[in-house]
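J.: In my numbering, the protein residues as written are 107 to 254. So that we are looking at the same thing, I have put the structure below in structure tokens.
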Amino acid sequence: MKVLLISSSPHKEKSRTFFLAQEALRGLAQEGIDTETMHLDDYKIFFCKHCEECHKKILHCRVEDDVHIILKNMLECNGIILASPNYINQVTASMKALFDRSAHFIHCKRLLGKYIAATVSSGSGQDQDVLDYIRLYAHTCGAQYSGG
Numbered sequence: 107m108k109v110l111l112i113s114s115s116p117h118k119e120k121s122r123t124f125f126l127a128q129e130a131l132r133g134l135a136q137e138g139i140d141t142e143t144m145h146l147d148d149y150k151i152f153f154c155k156h157c158e159e160c161h162k163k164i165l166h167c168r169v170e171d172d173v174h175i176i177l178k179n180m181l182e183c184n185g186i187i188l189a190s191p192n193y194i195n196q197v198t199a200s201m202k203a204l205f206d207r208s209a210h211f212i213h214c215k216r217l218l219g220k221y222i223a224a225t226v227s228s229g230s231g232q233d234q235d236v237l238d239y240i241r242l243y244a245h246t247c248g249a250q251y252s253g254g
């Protein structure tokens with residue numbers, strides 16, 4: 107079993123978001139589960155152009171960036187932890203761009219049989235909208251949402 111942490115904080119290892127997610131990964135490692143971490147800030151992620159190329163050919167996109175690397179890793183794992191700071195009651199722009207660029211995950215239920223959990227950090231304590239958005243993404247992709 108393998109769990110992928112996708113962290114969208116631009117502060118990477120120095121962020122509260124990553125600190126919270128690391129606690130979850132530590133527990134998984136104690137159970138013998140393999141983990142991998144991807145920081146979205148390490149990848150070029152451009153916005154979706156809504157060209158619908160991904161609807162014609164799965165995992166194909168005419169936008170040339172690094173999203174295909176992240177999507178491939180998402181497909182190869184059993185579980186995903188989506189970690190984001192609260193940016194005005196929403197995920198970060200990089201995570202939103204990733205969600206938009208995975209449109210074929212939604213249309214083809216590509217994450218069916220996988221689990222998604224969320225980690226959200228918030229200075230205001232108002233993180234429910236962000237958690238709800240991640241939960242909605244998980245369900246529309248066919249994944250089982252495991253909470254946040």
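Note that CB positions come from ideal geometry on N, CA and C, so glycine has one too.
Cα separation between Gly253 and Asn184?
T.: Cα-Cα distance, rounded: 16 Å.
J.: Let me know if His145 comes out buried or exposed under the rule of 16 or more other beta-carbons within 10 Å of its beta-carbon.
T.: Under this definition His145 is a buried residue.
J.: According to DSSP, what are the bridge partners of Glu137?
T.: DSSP lists no partner for Glu137.
J.: Based on DSSP bridge pairs, tell me the residues matched to Ser190.
T.: Looking at the DSSP assignment, Ser190 forms a beta bridge with Val226.
J.: At what residues does the beta strand (DSSP E) containing Ile112 begin and finish?
T.: First-last of the beta strand (DSSP E) with Ile112: Lys108 to Ser113.
J.: Tell me which residue opens and which closes the alpha helix (DSSP H) that Val173 is part of.
T.: First-last of the alpha helix (DSSP H) with Val173: Val173 to Glu182.
J.: Check whether the segment 206-217 touches the segment 243-251, taking contact to mean three or more Cβ pairs, one atom from each stretch, closer than 8 Å.
T.: In short, these stretches touch, since the Cβ pair count reaches three.
J.: What distance in whole Å lies between the Cβ atoms of Met201 and Leu110, which are believed to be in contact at a cut-off of 8 Å?
T.: About 14 Å; that fails the 8 Å criterion.
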